[in-house]
Amino acid sequence: MFNPRQLQAQFPGAQGLDTNISLYKLALSLTPIPSPMRPPMVSNLAVHLLDRFEKQGDARDLDEAISLQRDLLRIRPPSSPERPTSLSNMGVLLWTRFQHHGNEQDLDESVLLLRQAVQLTPPPHPVRSKAVGNLGVALWMRFMHRVDNQDLEESILLHKEALKRRPPSHPDRPFGFSNLGLALGTRFRQYRNARDLNESILFHRQAVKLFPAINRSGSLNNLALALMSRFEEHGDLQDIDEAISLHRQAVELRPPPHSKRTLSLHNLALALAIRGEQRGNDSDLDESILSHRQAVVLQHPSHPGRPISLETLAKVLLVQYKRRGDASHLNESMILLSEAARSISQSSSQRFRRARSWAHHANMFQHRSALEAFDTALGILPELAALGLDVQSRQDSLLNETDGLAREAAGCAIRAGNSAKAVEFLETGRSVFWSQFLTLRSPFDQLAEVAPELAMDLRTISKQLDAASYRDKSIENTNNQQKLSWEQEAKWFEQLATQWNEIVDRVRCLNGFEDFLRPQLFSKLRDAAKRGPVVYLVANEDTSNCLIMTSTLLHHIPLPILTNPVLLGLVKIIQAAVSEHQISRSFIEETVNIQVGLPQHVVADLQRWIDEDDDRGMRLEQPVRGLSSDNLFGAVLRFLWEQAIKPIIDFLELKKSTNPPTVTWCTTGLFTLLPVHAAGCYVGGYVDCASDYFISSYTPTIGTMLTPIPPPLEPFKMMVVIQSQTLPSTRKELAKIEQYVAADSLIKIGTAVASASVEAVASRLSAASIVHFACHGIQNPTNPLQSGLEIENKILTISRIMKETIPNSSLAFLSACETAMGDEKIPDEAMSIAASLLFIGFRGVVATMWRMWDEDGPIIADTFYRELFKGLEGNPTILPDTSKSAEALAAATKELRGRGVPFKRWVPFIHMGQ
Numbered sequence: 001m002f003n004p005r006q007l008q009a010q011f012p013g014a015q016g017l018d019t020n021i022s023l024y025k026l027a028l029s030l031t032p033i034p035s036p037m038r039p040p041m042v043s044n045l046a047v048h049l050l051d052r053f054e055k056q057g058d059a060r061d062l063d064e065a066i067s068l069q070r071d072l073l074r075i076r077p078p079s080s081p082e083r084p085t086s087l088s089n090m091g092v093l094l095w096t097r098f099q100h101h102g103n104e105q106d107l108d109e110s111v112l113l114l115r116q117a118v119q120l121t122p123p124p125h126p127v128r129s130k131a132v133g134n135l136g137v138a139l140w141m142r143f144m145h146r147v148d149n150q151d152l153e154e155s156i157l158l159h160k161e162a163l164k165r166r167p168p169s170h171p172d173r174p175f176g177f178s179n180l181g182l183a184l185g186t187r188f189r190q191y192r193n194a195r196d197l198n199e200s201i202l203f204h205r206q207a208v209k210l211f212p213a214i215n216r217s218g219s220l221n222n223l224a225l226a227l228m229s230r231f232e233e234h235g236d237l238q239d240i241d242e243a244i245s246l247h248r249q250a251v252e253l254r255p256p257p258h259s260k261r262t263l264s265l266h267n268l269a270l271a272l273a274i275r276g277e278q279r280g281n282d283s284d285l286d287e288s289i290l291s292h293r294q295a296v297v298l299q300h301p302s303h304p305g306r307p308i309s310l311e312t313l314a315k316v317l318l319v320q321y322k323r324r325g326d327a328s329h330l331n332e333s334m335i336l337l338s339e340a341a342r343s344i345s346q347s348s349s350q351r352f353r354r355a356r357s358w359a360h361h362a363n364m365f366q367h368r369s370a371l372e373a374f375d376t377a378l379g380i381l382p383e384l385a386a387l388g389l390d391v392q393s394r395q396d397s398l399l400n401e402t403d404g405l406a407r408e409a410a411g412c413a414i415r416a417g418n419s420a421k422a423v424e425f426l427e428t429g430r431s432v433f434w435s436q437f438l439t440l441r442s443p444f445d446q447l448a449e450v451a452p453e454l455a456m457d458l459r460t461i462s463k464q465l466d467a468a469s470y471r472d473k474s475i476e477n478t479n480n481q482q483k484l485s486w487e488q489e490a491k492w493f494e495q496l497a498t499q500w501n502e503i504v505d506r507v508r509c510l511n512g513f514e515d516f517l518r519p520q521l522f523s524k525l526r527d528a529a530k531r532g533p534v535v536y537l538v539a540n541e542d543t544s545n546c547l548i549m550t551s552t553l554l555h556h557i558p559l560p561i562l563t564n565p566v567l568l569g570l571v572k573i574i575q576a577a578v579s580e581h582q583i584s585r586s587f588i589e590e591t592v593n594i595q596v597g598l599p600q601h602v603v604a605d606l607q608r609w610i611d612e613d614d615d616r617g618m619r620l621e622q623p624v625r626g627l628s629s630d631n632l633f634g635a636v637l638r639f640l641w642e643q644a645i646k647p648i649i650d651f652l653e654l655k656k657s658t659n660p661p662t663v664t665w666c667t668t669g670l671f672t673l674l675p676v677h678a679a680g681c682y683v684g685g686y687v688d689c690a691s692d693y694f695i696s697s698y699t700p701t702i703g704t705m706l707t708p709i710p711p712p713l714e715p716f717k718m719m720v721v722i723q724s725q726t727l728p729s730t731r732k733e734l735a736k737i738e739q740y741v742a743a744d745s746l747i748k749i750g751t752a753v754a755s756a757s758v759e760a761v762a763s764r765l766s767a768a769s770i771v772h773f774a775c776h777g778i779q780n781p782t783n784p785l786q787s788g789l790e791i792e793n794k795i796l797t798i799s800r801i802m803k804e805t806i807p808n809s810s811l812a813f814l815s816a817c818e819t820a821m822g823d824e825k826i827p828d829e830a831m832s833i834a835a836s837l838l839f840i841g842f843r844g845v846v847a848t849m850w851r852m853w854d855e856d857g858p859i860i861a862d863t864f865y866r867e868l869f870k871g872l873e874g875n876p877t878i879l880p881d882t883s884k885s886a887e888a889l890a891a892a893t894k895e896l897r898g899r900g901v902p903f904k905r906w907v908p909f910i911h912m913g914q
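Numbering (UniProt numbering), first residue to last: 1 to 914.
This is the structure in structure tokens:
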């Protein structure tokens with residue numbers, strides 16, 4: 001790690017820190033303020049104060065050094081040749097204080113000032129290598145704190161430039177090796193590229209050789225960490241033995257009260273724990289615990305290193321608990337993990353990872369703190385998707401380690417007999433991205449009646465944050481000046497987010513507003529079942545669960561057969577069934593052999609088709625004769641019927657009916673990728689299926705069902721967007737719609753008369769009660785916010801639609817492919833096009849789970865709108881009843897199914913929302 005004492009190379013001074021500092025202070029008191037002698041004396045004093053802080057750990061020295069450097073910056077304008085040095089020194093001081101106190105503002109200001117230093121030192125400026133090297137360190141620190149890969153990549157580039165500018169005789173060359181080695185080692189732990197690790201070890205060995213023995217503790221520490229990484233990769237015991245030896249040397253070079261002693265103790269303890277667990281050596285594990293305890297004792301409660309020391313100590317205690325069965329080890333480890341998860345001297349992402357670790361271990365060992373741990377972890381999720389971030393950054397932050405947490409929490413609560421808490425967990429921990437989005441769109445009407453000034457402040461800030469959410473943060477091929485501008489902009493929006501949080505805290509102090517903008521409790525969530533049963537399907541690794549919520553009760557049905565491996569097998573079969581490619585023998589064999597737990601009749605059918613192909617001598621990649629898409633669909637739908645849907649029907653005592661009730665499905669995990677609405681037994685002419693008993697609707701969260709339905713827009717308008725050039729049947733689809741909608745109520749886009757454009761469509765969304773898209777759906781699996789609907793070879797993306805305010809739109813009909821397709825990586829974030837439209841403001845959405853056939857669009861639209869524009873007596877009406885959209889879709893899919901089309905053509909259509 002970079003050593004702040006490198007600053008002394010610029011300002012040589014005498015030995016004896018206390019004497020030097022006293023002399024500098026005396027000299028400054030005798031020197032007039034305008035004197036040209038003051039700036040170098042102030043700078044030297046700041047360097048000596050930093051050096052004393054490093055050796056003695058008195059935070060007052062560091063604060064005084066920062067204050068002195070701020071004074072220097074005030075008197076050194078951008079034109080001053082000394083300003084880059086002052087900026088660079090100030091950046092080092094701020095990141096040093098961040099290391100010891102954990103204030104994120106210090107780290108962000110450090111990056112900002114160091115970028116300014118780099119901007120003022122273009123090549124071949126003599127201070128350039130120091131400026132880029134220091135910025136590289138600050139960005140590495142920020143990566144370690146927030147895990148933004150762009151920071152790490154830029155850090156490596158800067159360290160390479162710094163090293164290139166430091167020839168063998170340069171006094172800072174060992175720092176260049178050490179810093180670059182550290183950054184490369186960090187990247188190895190991210191991407192597991194062996195070249196990064198090998199280079200890291202090589203650079204650290206060179207740094208150790210170049211540093212004087214007395215100043216070698218940092219490079220010894222870094223080399224040891226790299227060797228530990230190589231041991232974990234290859235298992236060579238010589239690496240872990242050498243790492244422990246190096247850490248012991250570093251500890252000796254950092255005697256009390258050295259500010260880095262806790263770091264060396266922690267790393268030594270970590271290495272001992274790794275070797276102890278590998279060899280089953282109790283003495284290593286016991287010494288590890290002792291060293292961890294020594295590190296923790298030296299760390300004040302707000303020390304940034306304390307959370308990781310607590311966490312690693314807890315994990316070593318868990319190892320000992322598993323070896324010895326001493327309950328005191330388990331209980332202490334849970335207490336330590338709890339403190340680590342709650343520490344504020346770390347970033348939100350670090351707190352989340354530690355809270356999740358606590359929850360995972362408490363759940364694994366069925367410790368009494370498990371529900372509290374899940375509560376803590378789920379409560380941090382909104383901070384990961386902070387309001388000061390742009391929407392892309394919010395989404396990216398939720399891709400890392402968040403999926404499955406709410407489902408695991410719900411499973412824990414169900415096992416504890418607390419199904420109501422399970423529902424709360426599912427609502428709190430899913431669709432977090434959209435919860436943050438909706439927070440900024442809140443009207444605050446109730447608050448305005450009690451505290452109009454606070455409501456006005458929140459509205460003002462929310463508008464600024466909402467507008468800032470769509471800024472472009474891409475930094476590819478941009479220069480330092482552009483990045484500097486983004487750093488300044490990001491700082492402003494973070495300040496806005498801080499103001500927002502402060503006002504929210506003030507609102508929660510008001511009587512009746514204690515839960516303002518907090519996740520809703522079960523007592524409120526159960527109102528979603530007033531219009532019909534709501535059924536959660538909760539997918540987990542070892543067992544899945546069903547929660548049935550009605551207006552009067554909450555009932556649990558275990559689904560032990562439907563584990564994640566089984567559900568994944570069903571998903572793969574459905575994906576093969578809807579594929580345009582023929583089903584190969586290799587896929588069938590993989591499904592039979594690997595997807596353990598599939599129903600026996602499914603496995604038997606698949607095996608029978610393989611055996612028949614054996615008789616014909618079929619090769620591995622040839623299609624399996626006699627195995628159709630309908631065969632696969634029938635097997636999966638029957639299994640879902642037997643294992644999940646039929647038990648639900650039996651509990652609700654539903655009967656076959658011509659006027660069935662509506663059941664709302666809230667699916668989670670892999671269930672989001674399965675057509676549970678079509679489950680049933682379809683054998684020959686015998687059919688017993690879900691649609692005989694109820695009408696299905698889906699919802700990503702039940703919170704979306706609690707919003708009051710606004711009055712319809714007047715006059716009624718419907719917008720139809722078609723893609724007639726590439727999808728000829730969309731013209732027939734429009735013609736079917738025109739049979740039911742009055743010409744003066746219809747806005748037609750994409751016809752020969754009215755050409756379509758993304759902006760023309762987006763700007764009219766708020767003017768229509770119903771929008772109907774007959775076009776291509778584009779799913780972007782790597783960046784869901786860029787998924788959307790194709791309009792004249794352009795994409796109307798989710799991120800573009802999000803910019804519109806759509807408060808009164810009733811229904812969106814997406815007659816397009818894959819518009820309800822979930823994301824396997826983050827299924828619980830509801831990032832499909834259809835779910836996005838629900839959160840953006842539409843009350844109901846009709847969409848497709850996979851590809852639809854062009855010729856089916858007119859058939860579905862005809863029956864759907866006939867039902868929607870049908871009055872009580874069955875006669876056509878001028879105004880639609882969009883509350884019947886689920887029933888209308890059920891009638892439309894029944895019509896299509898009645899024409900004898902395959903499963904893959906009628907099953908994909910689903911209704912979402914109210």
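Glycine is no exception: its CB is placed at the ideal position from the N, C-alpha and C atoms.
Computed from a predicted model, the values in this text were never measured in an experiment.
- Message: Can you tell me where the alpha helix (DSSP H) holding residue 775 begins and where it ends?
- Response: No alpha helix (DSSP H) holds residue 775; DSSP gives it neither H nor E.
- Query: Taking Cβ positions, are residue 432 and residue 802 nearer each other than 9 Å?
  - Reply: no
- Message: Does residue 241 come out as helix, strand or coil in the three-state DSSP assignment?
- Response: helix
- Okay, do the stretch 857-865 and the stretch 881-901 touch, 3+ Cβ pairs below 8 Å being the bar? yes
- Three CB pairs or more closer than 8 Å across the stretch 812-832 and the stretch 480-495: no
- Unbroken beta strand (DSSP E) run spanning residue 753, endpoints: Element bounds for residue 753: n/a, residue is neither H nor E.
- Query: Going along the chain, which unbroken runs of the alpha helix (DSSP H) with 4 or more residues stay wholly within the stretch 373-418?
  - Reply: 391-399 and 405-415
- Query: Buried or exposed: which applies to residue 683, given that a residue is buried once 16 or more other Cβ atoms fall within 10 Å of its Cβ?
  - Reply: exposed
- Distance, residue 510 Cα to residue 676 Cα: 45 Å
- Task: Assuming residue 87 contacts residue 116 (C-beta within less than 8 Å), just tell me the rounded distance between them.
- Result: 5 Å
- In terms of residues, what are the limits of the beta strand (DSSP E) holding residue 525? First-last for residue 525: 522-525, but that is the alpha helix (DSSP H), not the beta strand (DSSP E).
- Query: Which whole-angstrom value is the C-beta distance of residue 716 and residue 547, which I expect to be below 8 Å?
  - Reply: Rounded, the Cβ-Cβ distance is 38 Å, inconsistent with contact.
- Query: Of all the options 651, 28 and 398, which has the alpha carbon lying nearest to the alpha carbon of residue 554?
  - Reply: 651
- Would you say residue 722 and residue 758 are within 9 Å of each other, going by their C-beta atoms? no
- Report the residue ranges of all alpha helix (DSSP H) runs contained in full by the stretch 165-221; include only those spanning at least 4 residues, in chain order. 173-191 and 194-210
- Could you tell me the distance, in whole angstroms, from the CA atom of residue 283 to the CA atom of residue 313? 15 Å
- Task: Would you identify the three-state DSSP class for residue 367, choosing helix, strand or coil?
- Result: coil
- Within the same chain, show all residues whose beta-carbon is closer than 6 Å to that of residue 594, passing over the 5 residues directly before and after it, in chain order. Low local confidence applies: a pLDDT of 43 at residue 594 is under 50, so the model's placement there is unreliable, with the coordinate-based value given in what follows. Excluding residues within five positions, none has a Cβ falling inside 6 Å.
- Can you name, in chain order, every residue of its own chain whose Cβ lies under 7 Å from the Cβ of residue 761, other than the five neighbours on each side? 721, 749, 791 and 796
- CB-CB length for residue 110 against residue 91, believed under 8 Å: 5 Å
- Message: Please give me, in chain order, every unbroken run of the beta strand (DSSP E) with length at least 3 that falls completely inside the stretch 64-146.
- Response: none
- Task: Keeping to the same chain, check which residues put their C-beta closer than 7 Å to that of residue 528; ignore five residues upstream and five downstream.
- Result: 534, 702, 705 and 706
- Message: Using the Cβ count rule (16 or more neighbours within 10 Å means buried), how would you classify residue 381?
- Response: buried
- Query: Just reading off the alpha helix (DSSP H) that residue 47 is part of, what are its end residues?
  - Reply: 38-56
- If you draw a straight line from the C-alpha of residue 934 to the C-alpha of residue 65, how long is it? The structure shown does not extend to residue 934, since the chain is modelled only from 1 to 914, so the question has no answer here.
- Query: Terminal residues of the continuous beta strand (DSSP E) containing residue 665?
  - Reply: 662-667
- Considering residue 536, what are the terminal residues of the beta strand (DSSP E) in which it resides? 534-538
- Query: Looking at the structure shown, is residue 658 part of a helix, part of a strand, or coil, going by DSSP?
  - Reply: coil
- Message: For a test of the three-state rule: what should DSSP assign to residue 697, helix, strand or coil?
- Response: strand
- Task: Determine the closest residue to residue 411 out of 38, 359 and 196, with distance taken between C-alpha atoms.
- Result: 359
- Residue burial classification, residue 836 (beta-carbon count within 10 angstroms, cutoff 16): buried
- Item | Spatial neighbours of residue 654 in its chain, beta-carbon cut-off 8 Å, leaving aside the 5 residues before and after | 660, 661, 693 and 694
- Sort 142, 149, 154 and 145 by Cα distance to residue 132 and report the nearest one. 154
- Outcome for residue 7 when other beta-carbon atoms lying within 10 angstroms are tallied against a minimum of 16: Because the pLDDT at residue 7 is just 35, under 50, the model does not fix this residue reliably, and the value given afterwards should be weighed accordingly. Answer is buried; the Cβ neighbour count reaches 16.
- Item | Cβ-based burial, residue 732 [other Cβ within 10 Å; buried from 16] | buried
- Assumed close pair residue 915, residue 409 - CB separation to whole angstroms, cut-off 8 Å: Since the first and last residues shown for the chain are 1 and 914, residue 915 lies out of range.
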